[in-house]
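Student: Be aware that the sequence shown starts at 7, since it is given in the numbering used here, and climbs by one per residue.
Quick reminder that beta carbons are idealized off the backbone N, C-alpha and C, glycines included.
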Amino acid sequence: MKENFILFQEEKKNAHLFLWVFNIVWISYEIVYSIILKDSGSFVRLYVLIPKFVYGVGLIGFSVYLMKKKKADRIKHVYLIAYMCAESFNLYWYAMHSKVAFDDGNVLEFVFIFFVSIFMSKRYFLWLSSIIMGKYIMLFLVLGDKQAFMSLIMYSLLLFVSYLLLNRFSQYLSTINDVMTATRESEKSMVIGKMAASVGHEIRNPLSSLKGFTQLQKEKHADDKTYEYMIDEIEHINNMVSKLMAIAACKRSIYSSQFIGEVVSSTMKEMEQDIKRKQLQLVYDTESDQIKIECDNRKLKEGFLYVLKNAIESMEHGGTLWVQIKEQDEDYVIVSIIDSGCGIQEENLSRIKEAFYTTKKDGIGLGLTVARKLIEEHQGKIQITSERNVGTKVDIILPKEQNEE
7 MKENFILFQE
17 EKKNAHLFLW
27 VFNIVWISYE
37 IVYSIILKDS
47 GSFVRLYVLI
57 PKFVYGVGLI
67 GFSVYLMKKK
77 KADRIKHVYL
87 IAYMCAESFN
97 LYWYAMHSKV
107 AFDDGNVLEF
117 VFIFFVSIFM
127 SKRYFLWLSS
137 IIMGKYIMLF
147 LVLGDKQAFM
157 SLIMYSLLLF
167 VSYLLLNRFS
177 QYLSTINDVM
187 TATRESEKSM
197 VIGKMAASVG
207 HEIRNPLSSL
217 KGFTQLQKEK
227 HADDKTYEYM
237 IDEIEHINNM
247 VSKLMAIAAC
257 KRSIYSSQFI
267 GEVVSSTMKE
277 MEQDIKRKQL
287 QLVYDTESDQ
297 IKIECDNRKL
307 KEGFLYVLKN
317 AIESMEHGGT
327 LWVQIKEQDE
337 DYVIVSIIDS
347 GCGIQEENLS
357 RIKEAFYTTK
367 KDGIGLGLTV
377 ARKLIEEHQG
387 KIQITSERNV
397 GTKVDIILPK
407 EQNEE
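1. Span of the alpha helix (DSSP H) holding Phe310?
2. Taking the continuous alpha helix (DSSP H) assigned at Tyr130, which residues delimit it?
3. How far does the alpha helix (DSSP H) with Gln279 in it extend, from its first residue to its last?
4. Quick one: what does DSSP say Val341 is sitting in, helix, strand or coil?
5. Rounded to the nearest angstrom, what separates Ser392 and Leu327 at their Cα positions?
6. Whole angstroms are fine: how far does the CA of Leu172 sit from the CA of Ser127?
7. What does Ile390 pair with, by DSSP beta-bridge criteria?
8. Write down the C-beta distance between Lys141 and Glu193 rounded to the nearest angstrom, noting that I regard them as a contact closer than 8 Å.
9. Please determine, among Glu322, Ile318, Glu333, the residue with the shortest C-alpha to C-alpha distance to Ile343.
10. Report the option in Gly386, Ile390, Gly325, Ala377 whose CA atom is closest to the CA atom of Glu352.
11. Output needed for Leu216: all residues of its chain with C-beta closer than 8 Å, excluding positions within five of it in sequence on either side, in chain order.
12. Alpha carbons only, please: which of Lys275, Gln264, Lys152, Glu225 is nearest the one belonging to Leu311?
13. Leaving out five residues on either side along the sequence, give the residues of the same chain with a beta carbon under 6 Å from the beta carbon of Ser121.
14. Which residue marks the beginning of the alpha helix (DSSP H) containing Gly324, and which one marks its end?
15. Given a cut-off of 7 Å on the beta-carbon distance, is the pair Leu288 and Ile297 in contact?
16. Taking three-plus beta-carbon pairs below 8 Å as touching, is the region 174–185 in contact with the region 134–151?
17. Ends of the beta strand (DSSP E) at Ser346?
18. Could you say which of Ile381, Ser262, Glu115, Arg129 lies nearest to Leu158 if we only look at CA atoms?
19. Ser48: buried (16+ other C-beta within 10 angstroms of its C-beta) or exposed?
20. Looking only at its chain, what residues have a beta carbon closer than 7 Å to the beta carbon of Ser346, apart from the 5 residues adjacent to it on each side?
21. Which residues in the same chain as Ser259 place their Cβ atom closer than 7 Å to its Cβ, once the five residues preceding and following it in sequence are excluded?
22. Which residues in the same chain have their Cβ closer than 7 Å to the Cβ of Lys307, if we skip the five residues on either side of it in sequence?
Following this line, the structure appears as structure tokens:
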């Protein structure tokens with residue numbers, strides 16, 4: 007919502023600027039050319055000026071209406087369409103009478119081209135290019151106006167330069183946006199790290215006491231399997247806390263050459279009980295278990311665990327879990343984890359990597375965030391595709407070699 011509001015405000019500012027510049031240039035041209043230069047000392051061509059005035063006022067009124075409807079981004083296209091209609095009438099009038107009806111088109115074309123790099127819209131550029139180039143091609147080829155050929159060359163160069171500026175500005179803004187996004191993610195990671203360390207210390211102390219009391223109860227009631235189950239669960243919680251604290255500590259990764267198949271297999275063994283408990287069918291498909299990569303075994307395994315856990319939890323009533331390993335080119339390996347679970351709605355798909363965002367009732371939205379952090383430490387990336395009520399596919403793309411700087 008906030009991003010849409012910002013985009014609307016920017017479009018509104020650009021539309022205001024465009025309307026001011028366009029109408030000032032247009033009116034100035036009319037005063038200088040139509041009145042002073044061409045009609046000096048003679049009766050002003052009311053039959054030309056009145057239709058122009060009505061046309062211009064109508065466009066301004068419609069532009070104000072679009073702004074009130076929060077559709078300021080359409081104003082530039084409305085003016086392009088209006089200009090195209092006027093030029094089409096000009097071409098018709100020129101063909102019938104060998105002269106143009108409204109001869110102020112050229113100066114307005116410069117205004118349209120000037121705003122290409124301000125509007126930052128490739129659609130606007132394509133529309134403008136089609137209208138201007140089509141006009142002069144029509145004048146030159148169909149109507150035989152030789153001067154139109156020089157105009158065609160000149161506008162081709164201007165449009166080419168405007169496209170270069172548009173492309174460069176787009177890349178520049180994209181880079182700024184990427185840097186800002188990376189900064190926000192870094193800040194979130196710092197918050198997560200501090201929170202994990204703080205919560206970990208607060209949980210670990212009472213957890214140790216709880217484990218001790220449970221072990222005493224187990225010794226007193228040796229036949230009761232409940233205490234054994236409780237100890238296993240406490241140990242599981244303790245392991246999770248230890249892992250979170252290890253991540254929060256930001257320990258330097260220690261890379262070594264590992265068989266990716268062995269890392270994946272050992273990860274699946276840790277989830278074996280959960281897979282059996284949910285009666286899932288596991289399909290492990292690998293092109294080769296002998297693919298070697300440089301990785302921090304502990305961290306990479308932890309990243310796989312979070313993704314596998316999400317996949318298993320998405321299948322509440324059984325299903326199939328596919329794990330695939332394959333090479334991508336010569337430098338990368340892809341580990342794909344595919345489930346036949348509930349899937350993710352399209353509107354949620356872009357947000358699931360955000361910290362603290364979750365669609366689970368009992369989730370806290372950190373699993374995939376931590377997994378992505380661990381994968382990115384290996385200079386890899388996570389790609390997610392999903393279809394509602396069909397399943398989700400998570401591709402973990404990892405380089406075979408680490409370029410440590």
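Tutor: Taking the structure as given:
1. Within the sequence shown, residue 310 is the residue found at index 304, counting from 1. Where Phe310 is concerned, the enclosing alpha helix (DSSP H) stretches over 303–319.
2. Translated into positions along the sequence shown, residue 130 becomes position 124. Run containing Tyr130: 128–143, per the alpha helix (DSSP H) assignment.
3. The sequence position of residue 279 within the sequence shown is 273, counting from 1. Per DSSP, Gln279 belongs to the alpha helix (DSSP H) from 278–283.
4. Numbered from 1 along the sequence shown, position 335 holds the residue referred to as residue 341. In this structure, Val341 counts as strand in the three-state DSSP scheme.
5. As a working mapping, residue 392 is identified with position 386 in the sequence shown. As a working mapping, residue 327 is identified with position 321 in the sequence shown. Those two C-alpha atoms are separated by around 14 Å.
6. In the sequence shown, counting from the first residue as 1, residue 127 sits at position 121. In the sequence shown, counting from the first residue as 1, residue 172 sits at position 166. Roughly 8 Å between the two C-alpha positions.
7. Numbered from 1 along the sequence shown, position 384 holds the residue referred to as residue 390. Looking at the DSSP assignment, Ile390 forms a beta bridge with Val400.
8. To locate residue 141, count along the sequence shown from 1; it is residue 135. To locate residue 193, count along the sequence shown from 1; it is residue 187. Actually they do not touch by this definition, with Cβ atoms about 51 Å apart.
9. The residue you call residue 343 lines up with position 337 of the sequence shown. Comparing Cα-Cα distances from Ile343 to each of Glu322, Ile318, Glu333, the minimum goes to Ile318.
10. Locating residue 352 in the sequence shown gives position 346, counting from the first residue. The candidate whose alpha carbon is nearest that of Glu352 is Ile390.
11. As a first step, residue 216 must be located in the sequence shown, where it is residue number 210. Cβ neighbours of Leu216 beyond the five flanking positions: Ile240.
12. For the purposes of this step, residue 311 is taken as residue 305 along the sequence shown, with counting starting at 1. Answer by Cα proximity: Lys275.
13. To locate residue 121, count along the sequence shown from 1; it is residue 115. Correcting the residue type first, residue 121 is Phe in the shown sequence and not Ser. If we look at Phe121 and ignore the five residues flanking it on each side, its Cβ neighbours are Phe24.
14. Locating residue 324 in the sequence shown gives position 318, where the first residue counts as 1. No alpha helix (DSSP H) contains Gly324, which DSSP labels as neither H nor E.
15. Translated into positions along the sequence shown, residue 288 becomes position 282. Translated into positions along the sequence shown, residue 297 becomes position 291. Contact flag unset, no.
16. no
17. Counted from its first residue, the sequence shown places residue 346 at position 340. Taken as a continuous stretch (DSSP letters only), Ser346 belongs to no beta strand (DSSP E), as it is neither H nor E.
18. For the purposes of this step, residue 158 is taken as the residue at position 152 of the sequence shown. Selected option, being the one with the closest Cα: Glu115.
19. Walking along the sequence shown from the start, residue 48 turns up at place 42. Caution applies to Ser48, whose pLDDT of 44 falls short of 50 and renders its modelled position unreliable; the model cannot decide the point.
20. Translated into the one-based positions of the sequence shown, residue 346 becomes position 340. So the qualifying residues of the chain are Met321, Gly325, Thr326, Gly397.
21. Residue 259 sits at position 253 when you count from the first residue of the sequence shown. The answer, listed in chain order, is Asp302, Lys305, Glu383.
22. Taking the sequence shown and counting its residues from 1, the one referred to as residue 307 is at position 301. Counting only Cβ-Cβ distances below 7 Å, and skipping sequence neighbours, we find Val269, Ser272, Thr273.
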